[in-house]
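Presented below is the structure to which this report refers.
Residue numbers (this note's numbering), protein chains in the order written: chain A, 1 to 223; chain B, 1001 to 1376.
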């Protein structure tokens, strides 16, 4: 089965694995709606911008997480600030916009790493914090899905993590990823191949293959 | 075969496909918490200083009949208070300067979010982006302070209006530090920090000059409702003995900040009021078969707000799933019918528009083997 990742709305034809269970992966980033939102945002429409932000901010945060950024929220804020500032000069479709957004995000992440190296900080003991129940709960729930997946990506060598993250999270094709990473498409394909092979061997991914979609449920009650 | 490893995934790559499904899964609420900050940044950068929150420094002609949050809820338009920038007040000028900095300086907003700016700049950033979560400088408590709880006074007057009253000089708890001017200073307190949606909040202001309470001074109450860019004067009052005036802002349906201005450019600190929408959970009478239907209603919440269904096990609530509210503030959850009774509730997490709301718990009785509800 071949899956096309270049479009924004991708629904892969369901296939069956050897056990007969259906295997599907649907990635809906908004499709044509995102293009319309982009056009509205470019004209200064706030609702259009919010639609763009809601669709792409989670992906941007996960991408930055896959790059092992210390503070993805901060870097994402700077990314959007630059994008909004330069939006009037942007021309292109929604795929071009994604390419631009993730390129800016990657550059801001690199800037942060360089800044941190220029200004080495003295580690201080962790300050006590008051836990926000909601946030903790979010994190716990999310740990079973996106967060854990992002951590798996982040554990790959940097070139492989970037290639897989841009390909999957930004929905960009190999040539666009190659352009962002300043590599040849062939080198990107090699990085992707190696990254996927490493991921497939990971015990957590093998566990996912055995029990897809399983969520933690307390044992006390049959839910 | 395309040569692209991701295009060539097949049935044997089920683990990777599951992994990618999780990578591209629906966003969690925590991933969307910066929405209002992003909107404020967009508004500030794209439209420039004119669209930044403008705080009126002069007294408006009359109190309006509806607060901005009411007006927003009714989706009606309002005119802007004209006295903001044109009046050349100190705060207005600072907002213009800060908005320009935001528009030009890439790291300003991010630094403001991170409380990384020098204290004066942080305060200015807070004035613009305070609603968006930009904190104030540590040494200044103009927002998110603990509002002293004052004795509640009943204010005469009709509903749907910010009714000014004169106070008889009742003793008050200590007030937040005011923004003083040469002409005097104003402090502001509220009886409550949180109110139920549609409810009222009583706000008390005190005007002092050189440390002494001044009577007979005209004060204006201004409101900045969540989602609004402009402050609106919603009430006026004259200080009574003790230099105090009281206001009642009624029928608040979204979070709002309030400030009180006095003569000579005196302005109080910002007072934030959180509005808690009502939310209810009920079991639909039409539940049948292998599932039960739970109906959520939160009419004053916003369409698209996330609602979380939770169930009770061993005295602790566990999240089951989440949906976004649809038109009219309603949504239905379908849950599998159980052989035991299960208690559910729904949680409406806080947004920029409102605080967190939790429904009363609802227990869905156990189903017997014929599909009907048993005794649980």
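The beta-carbon is built from N, C-alpha and C at its ideal position, and this holds for glycine as well.
Please read all numbers here as calculations on a predicted model, not as lab measurements.
If you compare alpha carbons, which of the options is closest to residue i?
{"i": "residue 1281 of chain B", "options": "B:1350, B:1366, B:1241, B:1345", "result": "B:1345"}
{"i": "residue 64 of chain A", "options": "A:35, A:50, A:151, A:210", "result": "A:151"}
{"i": "residue 78 of chain A", "options": "A:102, A:117, A:43", "result": "A:102"}
{"i": "residue 203 of chain A", "options": "A:180, A:71, A:148, A:116", "result": "A:148"}
{"i": "residue 1225 of chain B", "options": "B:1351, B:1258, B:1007", "result": "B:1258"}
{"i": "residue 1248 of chain B", "options": "B:1015, B:1199, B:1037", "result": "B:1199"}
{"i": "residue 196 of chain A", "options": "A:146, A:167, A:80", "result": "A:167"}
{"i": "residue 1364 of chain B", "options": "B:1291, B:1326, B:1243, B:1009", "result": "B:1291"}
{"i": "residue 1004 of chain B", "options": "A:164, A:146, A:201", "result": "A:164"}
{"i": "residue 1007 of chain B", "options": "A:193, A:90, A:108", "result": "A:193"}
{"i": "residue 177 of chain A", "options": "A:106, A:112, A:71", "result": "A:106"}
{"i": "residue 33 of chain A", "options": "A:94, A:172, A:104, A:84", "result": "A:94"}
{"i": "residue 1305 of chain B", "options": "B:1321, B:1029, B:1011", "result": "B:1029"}
{"i": "residue 100 of chain A", "options": "A:189, A:181, A:205, A:187", "result": "A:181"}
{"i": "residue 115 of chain A", "options": "A:159, A:199, A:70, A:200", "result": "A:70"}
{"i": "residue 1309 of chain B", "options": "B:1301, B:1294, B:1299, B:1298", "result": "B:1294"}
{"i": "residue 84 of chain A", "options": "A:187, A:201, A:42", "result": "A:42"}
Please return the same chain residues whose Cβ sits closer than 6 Å to the Cβ of residue i, not counting the five positions on each side in sequence.
{"i": "residue 1171 of chain B", "result": "In this prediction, residue 1171 of chain B scores a pLDDT of 32, lower than 50, which makes its location untrustworthy; the coordinate-derived value is nonetheless stated afterwards. Excluding sequence neighbours, residue 1171 of chain B sits near nothing in its chain."}
{"i": "residue 57 of chain A", "result": "none"}
{"i": "residue 1342 of chain B", "result": "1311, 1364"}
{"i": "residue 51 of chain A", "result": "37"}
{"i": "residue 59 of chain A", "result": "169"}
{"i": "residue 97 of chain A", "result": "38"}
{"i": "residue 1214 of chain B", "result": "1207, 1243"}
{"i": "residue 46 of chain A", "result": "none"}
Along chain B, in chain order, which residues have C-beta atoms closer than 7 Å to that of residue i?
{"i": "residue 178 of chain A", "result": "Chain B residues near residue 178 of chain A: none, gap ~11 Å exceeds 7 Å."}
{"i": "residue 167 of chain A", "result": "1006"}
{"i": "residue 84 of chain A", "result": "1041, 1042, 1045, 1046"}
{"i": "residue 209 of chain A", "result": "1014, 1015, 1018"}
{"i": "residue 193 of chain A", "result": "1005"}
What residues of chain A sit near residue i, judged by a beta carbon separation below 7 Å?
{"i": "residue 1027 of chain B", "result": "58"}
{"i": "residue 1013 of chain B", "result": "200"}
{"i": "residue 1309 of chain B", "result": "The contacting residues do not exist; residue 1309 of chain B stays about 12 Å from chain A at best."}
{"i": "residue 1031 of chain B", "result": "57, 58, 61"}
{"i": "residue 1363 of chain B", "result": "Those within 7 Å of residue 1363 of chain B in chain A number zero; the least Cβ separation is about 13 Å."}
{"i": "residue 1300 of chain B", "result": "Residues of chain A passing the Cβ test: none, with the nearest at roughly 20 Å."}
{"i": "residue 1206 of chain B", "result": "In chain order: nothing, as chain A lies at least about 32 Å away."}
For residue i, return the contacting residues in chain A, with the cut-off set at a CB-CB distance below 8 Å.
{"i": "residue 1034 of chain B", "result": "57, 73, 76, 77"}
{"i": "residue 1294 of chain B", "result": "None at all; the shortest Cβ gap to chain A is about 14 Å."}
{"i": "residue 1254 of chain B", "result": "Those do not exist, as residue 1254 of chain B stays about 16 Å from chain A at its closest Cβ, beyond 8 Å."}
So residue i contacts chain B; which residues on that side make the cut at Cβ distance below 8 Å?
{"i": "residue 206 of chain A", "result": "1015"}
{"i": "residue 230 of chain A", "result": "The structure shown does not extend to residue 230 of chain A, since chain A spans only 1 to 223, so no value can be given for it."}
{"i": "residue 189 of chain A", "result": "1003, 1004, 1005"}
{"i": "residue 181 of chain A", "result": "Under the 8 Å cutoff, chain B gives no residues; its nearest Cβ is about 15 Å from residue 181 of chain A."}
Go through its chain and collect everything with a Cβ distance to residue i's Cβ below 7 Å, but skip five positions before and after it.
{"i": "residue 1323 of chain B", "result": "1307, 1331, 1333"}
{"i": "residue 1268 of chain B", "result": "1178, 1179, 1186, 1187, 1188, 1205, 1259, 1260"}
{"i": "residue 1014 of chain B", "result": "none"}
{"i": "residue 146 of chain A", "result": "62"}
{"i": "residue 209 of chain A", "result": "none"}
For residue i, I'd like the list of residues in its chain whose CB is within less than 8 Å of its CB, leaving aside the five on either flank, ordered along the chain.
{"i": "residue 143 of chain A", "result": "Low confidence applies here, because residue 143 of chain A scores a pLDDT of 42, under 50, leaving its location unreliable; read the following figure in that light. Cβ within range, chain order: n/a, list empty."}
{"i": "residue 154 of chain A", "result": "65, 66, 67, 68, 161"}
{"i": "residue 1195 of chain B", "result": "1201, 1252, 1273, 1274, 1275, 1276"}
{"i": "residue 207 of chain A", "result": "none"}
{"i": "residue 1358 of chain B", "result": "1279, 1345, 1346, 1347, 1348"}
{"i": "residue 1326 of chain B", "result": "1303"}
{"i": "residue 1183 of chain B", "result": "1209, 1262, 1263, 1264, 1265, 1266"}
{"i": "residue 1339 of chain B", "result": "1366, 1367"}
{"i": "residue 1009 of chain B", "result": "1016, 1017"}
Going along chain A, which residues have a C-beta under 9 Å from residue i?
{"i": "residue 1325 of chain B", "result": "Under the 9 Å cutoff, chain A gives no residues; its nearest Cβ is about 15 Å from residue 1325 of chain B."}
{"i": "residue 1360 of chain B", "result": "None at all; the shortest Cβ gap to chain A is about 19 Å."}
For a contact meaning CB atoms closer than 9 Å, what does residue i contact in chain B?
{"i": "residue 196 of chain A", "result": "1005, 1006, 1009, 1013, 1016"}
{"i": "residue 34 of chain A", "result": "Residues of chain B passing the Cβ test: none, with the nearest at roughly 14 Å."}
- prompt: In chain order, what residues of the stretch 38-67 of chain A put their CB closer than 7 Å to some CB of chain B?
  reply: 44, 46, 49, 50, 53, 54, 57, 58, 61, 62
message: Which residues of the stretch 147-173 of chain A have a Cβ closer than 9 Å to any Cβ of chain B? Give them in chain order.
response: 147, 148, 149, 150, 152, 153, 164, 165, 167, 168, 169, 171, 173
- request: Could you run through the stretch 1221-1241 of chain B and flag, in chain order, every residue whose CB is less than 8 Å away from some CB of chain A?
  value: none
query: What are the uninterrupted segments assigned as beta strand (DSSP E) that are 3 or more residues long and contained completely in the stretch 1210-1289 of chain B, given in chain order?
result: 1218-1225, 1232-1238, 1244-1252, 1256-1261, 1271-1276, 1280-1283
query: At a Cβ cut of 9 Å, what residues of the stretch 1330-1357 of chain B count as close to chain A, listed as they run along the chain?
result: 1335, 1336, 1338, 1339, 1340, 1342, 1347, 1349, 1350, 1356
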